[in-house]
Amino acid sequence: MPRTERIRNFSIIAHIDHGKSTLADRLLEITGAISERDMRDQVLDTMDLERERGITIKAQTVRIPYTSPDGREYILNLIDTPGHVDFSYEVSKSLDACEGALLLVDAAQGIEAQTLANSYLAVGAGLEIVPVLNKIDLPAADPETAAAEISGLLGIDTSQILLASAKTGEGVPEILEAIVERIPSPSGEANVALRALIFDSYYDQYRGVISSIRVVEGELRSGIRVKMMATGASHEAEEIGVLTPAMTPVKSIGPGEVGYLIAGIKDVSQAKVGDTVTLAENPASAPLPGYQEPKPMVFCGLYPIDGGDYPELRVSLEKLSLNDASFTYEPETSKALGFGFRCGFLGLLHMEIVKERLEREYGMALVTTAPTVEYRAVMRNGDTRVVRTPTDLPSSGELDAVEEPMVRATILTPSEYLGPVMELCQARRGEQERLEYLSQARVEIVYRLPLAEIVVDFFDALKSRTRGYASLDYEPAGHEAANLVRVDVLLAGDPVDAFSSIVHREKAYAYGKAMVSKLRELIPRQLFDIAIQAAIGGRVIARETVKAKRKDVLAKCYGGDVSRKRKLLERQKEGRKRMKQIGSVEVPQDAFISALRIDS
Amino acid sequence: MIATTPVHPDAPELADYCAGLFGIYVHVPFCTAKCGYCDFASFDGMSDLAGTYVEGLCQEVSKSGISSCDTVFVGGGTPTSLGPDLLGKLIAAIPRSDEAEVTVEANPESLTADVAIAAAAAGANRISIGMQSALPHVLKSLGRRHNFGAVAAAVDAARGAGIGRLNLDLIYGAPGEALADWRQSLDAAIALDPGHISAYSLTVEAGTKLWRQVRDGHCRAPDDDSQAEKMSVAAEILANAGYVRYEVSAWAKPGEACRHNLMYWGGGEYRGFGSGAHSHIGGTRFWNHRDPRSYLSDLGVLSAGSERITSEIEVFDRVSLGMRRAAGVSISELPRGCEGAIDFLSGAGLVLATDGRLRPTAKGFALGNEIVIRLLSVAGSEC
Ligand SMILES: Nc1nc2c(ncn2[C@@H]2O[C@H](COP(=O)(O)OP(=O)(O)OP(=O)(O)O)[C@@H](O)[C@H]2O)c(=O)[nH]1
Ligand code: SF4
Numbered sequence: 001m002p003r004t005e006r007i008r009n010f011s012i013i014a015h016i017d018h019g020k021s022t023l024a025d026r027l028l029e030i031t032g033a034i035s036e037r038d039m040r041d042q043v044l045d046t047m048d049l050e051r052e053r054g055i056t057i058k059a060q061t062v063r064i065p066y067t068s069p070d071g072r073e074y075i076l077n078l079i080d081t082p083g084h085v086d087f088s089y090e091v092s093k094s095l096d097a098c099e100g101a102l103l104l105v106d107a108a109q110g111i112e113a114q115t116l117a118n119s120y121l122a123v124g125a126g127l128e129i130v131p132v133l134n135k136i137d138l139p140a141a142d143p144e145t146a147a148a149e150i151s152g153l154l155g156i157d158t159s160q161i162l163l164a165s166a167k168t169g170e171g172v173p174e175i176l177e178a179i180v181e182r183i184p185s186p187s188g189e190a191n192v193a194l195r196a197l198i199f200d201s202y203y204d205q206y207r208g209v210i211s212s213i214r215v216v217e218g219e220l221r222s223g224i225r226v227k228m229m230a231t232g233a234s235h236e237a238e239e240i241g242v243l244t245p246a247m248t249p250v251k252s253i254g255p256g257e258v259g260y261l262i263a264g265i266k267d268v269s270q271a272k273v274g275d276t277v278t279l280a281e282n283p284a285s286a287p288l289p290g291y292q293e294p295k296p297m298v299f300c301g302l303y304p305i306d307g308g309d310y311p312e313l314r315v316s317l318e319k320l321s322l323n324d325a326s327f328t329y330e331p332e333t334s335k336a337l338g339f340g341f342r343c344g345f346l347g348l349l350h351m352e353i354v355k356e357r358l359e360r361e362y363g364m365a366l367v368t369t370a371p372t373v374e375y376r377a378v379m380r381n382g383d384t385r386v387v388r389t390p391t392d393l394p395s396s397g398e399l400d401a402v403e404e405p406m407v408r409a410t411i412l413t414p415s416e417y418l419g420p421v422m423e424l425c426q427a428r429r430g431e432q433e434r435l436e437y438l439s440q441a442r443v444e445i446v447y448r449l450p451l452a453e454i455v456v457d458f459f460d461a462l463k464s465r466t467r468g469y470a471s472l473d474y475e476p477a478g479h480e481a482a483n484l485v486r487v488d489v490l491l492a493g494d495p496v497d498a499f500s501s502i503v504h505r506e507k508a509y510a511y512g513k514a515m516v517s518k519l520r521e522l523i524p525r526q527l528f529d530i531a532i533q534a535a536i537g538g539r540v541i542a543r544e545t546v547k548a549k550r551k552d553v554l555a556k557c558y559g560g561d562v563s564r565k566r567k568l569l570e571r572q573k574e575g576r577k578r579m580k581q582i583g584s585v586e587v588p589q590d591a592f593i594s595a596l597r598i599d600s
Numbered sequence: 601m602i603a604t605t606p607v608h609p610d611a612p613e614l615a616d617y618c619a620g621l622f623g624i625y626v627h628v629p630f631c632t633a634k635c636g637y638c639d640f641a642s643f644d645g646m647s648d649l650a651g652t653y654v655e656g657l658c659q660e661v662s663k664s665g666i667s668s669c670d671t672v673f674v675g676g677g678t679p680t681s682l683g684p685d686l687l688g689k690l691i692a693a694i695p696r697s698d699e700a701e702v703t704v705e706a707n708p709e710s711l712t713a714d715v716a717i718a719a720a721a722a723g724a725n726r727i728s729i730g731m732q733s734a735l736p737h738v739l740k741s742l743g744r745r746h747n748f749g750a751v752a753a754a755v756d757a758a759r760g761a762g763i764g765r766l767n768l769d770l771i772y773g774a775p776g777e778a779l780a781d782w783r784q785s786l787d788a789a790i791a792l793d794p795g796h797i798s799a800y801s802l803t804v805e806a807g808t809k810l811w812r813q814v815r816d817g818h819c820r821a822p823d824d825d826s827q828a829e830k831m832s833v834a835a836e837i838l839a840n841a842g843y844v845r846y847e848v849s850a851w852a853k854p855g856e857a858c859r860h861n862l863m864y865w866g867g868g869e870y871r872g873f874g875s876g877a878h879s880h881i882g883g884t885r886f887w888n889h890r891d892p893r894s895y896l897s898d899l900g901v902l903s904a905g906s907e908r909i910t911s912e913i914e915v916f917d918r919v920s921l922g923m924r925r926a927a928g929v930s931i932s933e934l935p936r937g938c939e940g941a942i943d944f945l946s947g948a949g950l951v952l953a954t955d956g957r958l959r960p961t962a963k964g965f966a967l968g969n970e971i972v973i974r975l976l977s978v979a980g981s982e983c
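Protein chains in written order, with the numbering used here: chain A, 1 to 600; chain B, 601 to 983.
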């Protein structure tokens, strides 16, 4: 067991693509923590989806033994943090297990909004920040400007900012030295009752729940009975260990150390993130300060394309939620789509990831309905109802007001795009709260915006207006009454509840028009004319028609063509299977979401 | 033509009879220039290979051990570009019964009198001429190098050589072709009084010059609605002129249906000789190298690819090919459990179920994929 003064616990705060994974690889490589043979590129991102999308979702930790040039041996625990706004909750969990953080910024891009928000979180949690400008090998790197911004935003002297290239390895030894010199070692008594923080828990099919823990004080020994202070349940510590990054069992984990715990637990809710682990025999008197559970902000319906798959979908959701406590689901019924679930997510990316995992890992073919936020319907009689499905919105006769969730959004943008960004926020019913030039070249703007206006395509719109240079971070900012109505969509005369949306009245007409014309593009021509209408309370506000198709046949098919033409037809047939039959109309699986991507 | 063969082009008896024939397909991969829309296994600038090619093909034929067949189709490419001697030699080398239908594909500009005479002498009894259009601007936009005069001359050449069974191939939907242009082409073809007319919707095939032009925005792909319009105009004009539609794109007068093609659509067996030629024998489809030089290096000894016909594929082909025919498919041969699909398709006016057969209507001809997909997307279609 290492002495605490030789331990450093840190994470890396970085924007997507600023080079966190590359730097982590380099750290592991230089310290020899992992042999080159085992070195898959980017060791830390382990989930397939993470690899593909190049983002980190779940926190991962890795233990790096490091011998400094003066011969002293250290244990560095790198606790990875996710890089997307949907998962900022995960970030704060990871930060709580650290004493310091590397703030990694692409020297050609400068600091981004989420990185800044996470840095403030880290400063607030009392962490030592070690700023590093990465990618200095790039010709476009501008370390002076980036350093000046960081210095201005975080009050760090520019002389404290390290320069490195994770790609070439330049400056990486200096980063290691700064970690041991600047980041404090953890403190914590060994001879007191155990208190360990669970900062991550996930369900493994073979081992049950595996929790990442940080021992704050006391000592955790293998085989001992432990108690979860929130639930009161006790379990045997079947295996404890450290991640090298492979799981390596150890006999004990002492104060200041991070590691994992397997205790025969079958459900992540029994080993909740934020809970305190203590000993069953000799429990601590009070738990560590925990976390607030993140609340889902975005909701949508998930329906199997084939109604017969409903039971399977339920089982898949159950399994998935074992691993993802921030995602919620409850049964719901749609007239158009049949039996399904109303699911809650931290954000759109989270929603897409869950959907993809269900499709990929559990083989489900799904329809996702338009994402919506959680409205509050204030009734005439004074009651308040929560509305997570547009069709649940009470009729205007019963309603006194509808309140929608608001966010405070911070946007960092090059100043040349300030105009377009402000226009976008205005168009999304935003109210400016603050505007500040970080340097001549960059501006920070803070807007108060309805969440509903930013969940679907705000980020894409922001990116396209700023050629990808703006970044966004947001936090919940209460509810506010607004003039909202429900716009319904009718296909071939029948209302399709899954297409209903709650929209601001002033935008309802434009929305309805855009929606039906988008649907006209998305719904393929079929054997009959299909009327698509948008309506508010039974009054039609827009209409389009998908004309019946008149020709769909292969011109020729002779001896030599048979196999090839069969493949064409089979593809067409497979495509049909991904259509959802609604009444007499076949609707493509993704129409429910794509229809919403109507850029204003 | 044997006396017992039914003559009505759309008669189920004829369709079933042809399904039982054994065919030989012979591929001639040479063309003088490549047409813009063409994705066949044809090549320009290779004509110096012609002699060697015919030689090699004759060897492939004799090595195959096949001793006879009921229909022969010499296609391409442009068989007539071989010239009288090579073409005659090639046709003569194909083993077949005395009553066999022997079709040769021809381009108007290369079907000269001597070529026609040589083909007839070697046993050809049917010629299919690539007329495509009667209008110069349409022919030009298709990238064809002949004019309508050449078509009339080619027809005369065939008839002069004693070949009475003629087909004219037409294509509709070329960039710049108006509906009136299409009517004019149909009328011109009818005026030449062939026994058979094929009218194909222009398809933009990936990788062709036309496809690149469409991709790069130099011209527009024909849209489905105007193509549907032209298809129904063709059906109307040809019917008025006494032609019977017996397949999506094929019309014939009594006794003039192409047995070789009906053999394909009936799922019959055939052997293909030459580069890129496909065969269907004994539950397997296999094919030769598409590139003439690769083909010549092994003469079809090792097929370039093959496919075992599983029962699933068998059902798929039976429905997708069979429902191209006016004769349709016997309902007893459709996948089990497709009654619902039949009801739906009948209700939508795409098929007619009579006398134990399911046949496409005029609307159904134009929406054939819909018929196939619905019939095959039913429980138990994999039986
Ligand atoms: N030129 C140069 N490229 C770098 C450097 N560091 C990282 N990159 C490249 O930048 C891209 C993003 O690097 P990653 O390490 O995947 O970024 P990340 O921050 O881990 O991204 P997430 O996993 O999505 O958070 C990759 O193409 C890297 O090869 C560097 O120092 N110099
Ligand atoms: S003549 Fe026929 S085979 Fe040759 S290129 Fe033209 S369309 Fe293709």
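Each residue gets a CB set at the ideal place from its N, CA and C atoms; glycine is no exception. Fair warning: this is a prediction, and the values are worked out from it, not measured in the lab.
Mind checking whether the beta-carbon of residue i lies closer than 6 angstroms to any heavy atom of ligand 2?
i, result
"Phe640(B)", "yes"
"Thr712(B)", "no"
"Gly883(B)", "no"
"Lys809(B)", "no"
"Gly876(B)", "no"
"Lys740(B)", "no"
Is residue i near ligand 1, judged by its Cβ being under 6 angstroms from some heavy atom?
i, result
"Ala101(A)", "no"
"Ser201(A)", "no"
"His627(B)", "no"
"Asn191(A)", "no"
"Gly19(A)", "yes"
Give the secondary structure of residue i by DSSP, where H, G and I count as helix, E and B as strand, and everything else as coil.
i, result
"Ser584(A)", "coil"
"Ile13(A)", "strand"
"Gly956(B)", "coil"
"Thr168(A)", "coil"
"Asp648(B)", "helix"
"Gly422(A)", "It is Met, not Gly, that sits at residue 422(A) in the sequence shown. Note: Met422(A) maps to helix in three-state DSSP."
Does residue i have its Cβ less than 7 angstroms from a Cβ in chain A?
i, result
"Tyr843(B)", "no"
"Gly980(B)", "Residue confidence for Gly980(B) is low, a pLDDT of 43 falling below 50, so the modelled location carries little weight and cannot support an answer."
"Thr961(B)", "no"
"Ala948(B)", "yes"
"Arg885(B)", "yes"
"Ala611(B)", "no"
"Asp824(B)", "yes"
From the beta carbon of residue i, is the nearest beta carbon of chain B less than 7 angstroms away?
i, result
"Leu527(A)", "yes"
"Ser563(A)", "yes"
"Tyr558(A)", "yes"
"Leu522(A)", "no"
Would you call the stretch 678-685 of chain B and the stretch 625-640 of chain B in contact, with 3 or more CB pairs under 8 angstroms?
-> yes
Three or more beta-carbon pairs under 8 angstroms between the stretch 715-726 of chain B and the stretch 754-774 of chain B, yes or no?
-> yes
Are the stretch 435-454 of chain A and the stretch 402-418 of chain A in contact at 8 angstroms, needing three or more beta carbon pairs?
-> yes
Touching by the beta-carbon criterion (3+ pairs, under 8 angstroms), the stretch 823-840 of chain B and the stretch 646-659 of chain B | no
Touching or not, the stretch 229-236 of chain A and the stretch 274-286 of chain A, by the rule of three or more beta carbon pairs under 8 angstroms?
-> yes
Would you check if there are 3 or more beta carbon pairs closer than 8 angstroms linking the stretch 376-396 of chain A to the stretch 448-464 of chain A?
-> no
How do the stretch 291-309 of chain A and the stretch 172-180 of chain A stand: do at least 3 beta-carbon pairs fall below 8 angstroms, yes or no?
-> no
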